Amino acid sequence: MSEETPTFDLSAFRDPALAHKLIERISELAAALGETERFEGRPIKLMEVCGTHTMAIAKAGLRSVMPDNIVLSSGPGCPVCVTANPDIDLAIEVAKQPGVILTTFGDMIKVPGSWTSLAQEKARGADVRVVYSPLDALALAADTPDKLVVFVSVGFETTTPIIAASVKRAAAAGLENFCILAANKTVPEALRALAGDPEVGIDALILPGHVSTIIGTAPYEFLADEFGVPGVVTGFEPVDVLLGIEELLSSLLEITRGGSAKISIAYERAVKPEGNVVAVDLMNEIFMPCDVAWRGLGVIPGTGLKLREPYGRFDATVRVPVEPPESRETPGCQCGQVLRGIIAPPECRLFGRACVPEHPVGPCMVSSEGSCAAFYRYRSVEEA
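Residue numbers for the sequence shown follow our numbering, so the first one is 2 and each next one is one higher.
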């Protein structure tokens, strides 16, 4: 008899009665924290760094039920949003070359570069196609041997293992007409940049659930050890997020009483402290760290990924050497400040006016995980 995949009953994580109890507990903790010297007279800033959390918080209207001294801020949790304009411009230039089929996830199509977008170039005749997995691009390369199929590789640790597997499979199959334009990023050191930025002013972090299924929790320990910033990995249902917030406020209260910051897991049905060792090993086999630019955060050392040898021949920058035009930031776009949590999306002067999902000015309004898109889609709930 074959072993069945375990399933989980998520109804408890959507239970209104349990949610209300957690909200009451959060209010009690927030009131206690507000009476401490550390937090008296100022808000307590909790930042989530996962696009799925961003959408979950907005959809459930969790900001509207938070105590007045709790701020839920969205950070750089959307991989499409943090892709810098030079990387987008490079993808656009590659797409314009003859004999190239450029493949990408759907969100990247409409993201504006410095001067144009992949959607605009597709309308002008470039062969740009949406795929749901790099394996789709690999299959396309096998079916069209007379074309060079380029996959725009964007994502955090969540999607990087399948991209690594695709490159490894291409090498094994001898598919020399497949390559990737690597714009992958890794999360932990970006959190270091945020935690060390006094303008951002993070008190605690809701750590990314999907990323943590891969890397576990050890890579976040420096947040507690070096910065005294507690963090919790939690899931995406309303009760999941509320449990995470309750855990963070309890940890902050303990710190004010002389305790130490800690990194904890409130998503044990999916995340283990050690993560997925096999997936991490595969990433490390195919990729090596490099410096990379993040939109809004600048260049963060060691947070990019580039192909190791002997996989260098699958690097699109080697196969299609191009010189994109000089990059620029879109005038008026404040996505960089949104991604750092310096401003909330409605504070951007273009939000809901010149910048809407049908005609986005910046990537935070384009991506299905973007904080501007979340605020806009659920704005009636957020405004409540």
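Yeah, the Cβ is synthetic: ideal placement off N, Cα and C, and Gly gets one too.
Note that this is a predicted model, so its numbers are computed, not measured.
Item                                                                                                                : Value
Buried versus exposed, by CB contacts within 10 Å (16 or more), residue 4                                           : For residue 4, the predicted model reports a pLDDT of 48, less than 50, meaning its position is unreliable; a value from the coordinates is still stated below. Exposed: under 16 other Cβ atoms inside 10 Å.
N-terminal and C-terminal residue of the beta strand (DSSP E) that residue 208 is part of                           : 205-208
Meets three-Cβ-pair contact criterion under 8 angstroms: the segment 77-90 and the segment 340-347                  : yes
Three-state class that DSSP yields for residue 180 in the structure shown                                           : strand
Of the residues 316, 36 and 310, the one placed nearest residue 286, counting alpha carbons only                    : 310
Reduced DSSP secondary structure (H/G/I, E/B, other) of residue 118                                                 : coil
Residue 265, DSSP secondary structure in three states                                                               : strand
Residue 329 classed as buried or exposed, judged by whether at least 16 other C-beta atoms fall within 10 angstroms : exposed
Rounded separation between residue 368 and residue 350 - CA only                                                    : 19 angstroms
Three-state secondary structure assigned by DSSP to residue 292                                                     : strand
Uninterrupted alpha helix (DSSP H) stretches inside the segment 18-79 (no shorter than 4 residues)                  : 52-61
Cutoff 7 angstroms; reference residue 15; Cβ partners in own chain excluding five residues on either side           : 238, 239 and 240
Distance between beta carbons of residue 358 and residue 376, contact taken as under 8 angstroms                    : Not really, about 11 angstroms apart at Cβ, beyond 8 angstroms.
Separation of residue 115 from residue 299, as counted between CA atoms                                             : 16 angstroms
Contact test: residue 94 Cβ vs the ligand GDP heavy atom, cutoff 8 angstroms                                        : Ligands displayed in this structure: none; no statement on the ligand GDP is therefore possible.
Under 9 angstroms between C-beta atoms of residue 190 and residue 281                                               : no
Helix, strand or coil at residue 363 [DSSP, three-state]                                                            : coil
Distance between residue 127 and residue 98 (C-alpha atoms, nearest Å)                                              : 8 angstroms
Cα-Cα separation, residue 107 to residue 113                                                                        : 13 angstroms
Reduced DSSP category for residue 356 - H, G, I as helix; E, B as strand; rest coil                                 : strand
For residue 235 and residue 267, believed in contact at Cβ under 8 angstroms, the rounded distance                  : 4 angstroms
Residue 318 to residue 344 span [Cα, whole Å]                                                                       : 35 angstroms
Neighbourhood of residue 111 by C-beta, 7 angstroms cutoff - its chain only, sequence neighbours within 5 removed   : 118, 120, 361 and 367
In DSSP terms, what residue 1 is bridged to                                                                         : A query on residue 1 cannot be resolved here, the shown segment of the chain reaching from 2 to 385 and no further.
Residue 355, buried or exposed, once every other Cβ within 10 Å from all chains shown has been counted against 16   : exposed
Outcome for residue 365 when other beta-carbon atoms lying within 10 angstroms are tallied against a minimum of 16  : buried
Rounded straight-line distance, which links the Cα of residue 363 to that of residue 332                            : 10 angstroms
C-beta atoms of residue 51 and residue 220 nearer than 9 angstroms                                                  : no
Bridge partner(s) assigned by DSSP for residue 154                                                                  : 183
Simplified DSSP assignment, three categories, for residue 351                                                       : coil
Separation of residue 63 from residue 394, as counted between CA atoms                                              : What is shown of the chain runs 2 to 385, which leaves residue 394 out entirely.
Where residue 270 falls: helix, strand or coil (DSSP)                                                               : coil
Where residue 373 sits in the DSSP three-state scheme                                                               : helix
According to DSSP, residues forming a beta bridge with residue 233                                                  : 207 and 265
Three-pair Cβ contact test at 8 angstroms for the segment 190-204 versus the segment 131-143                        : no
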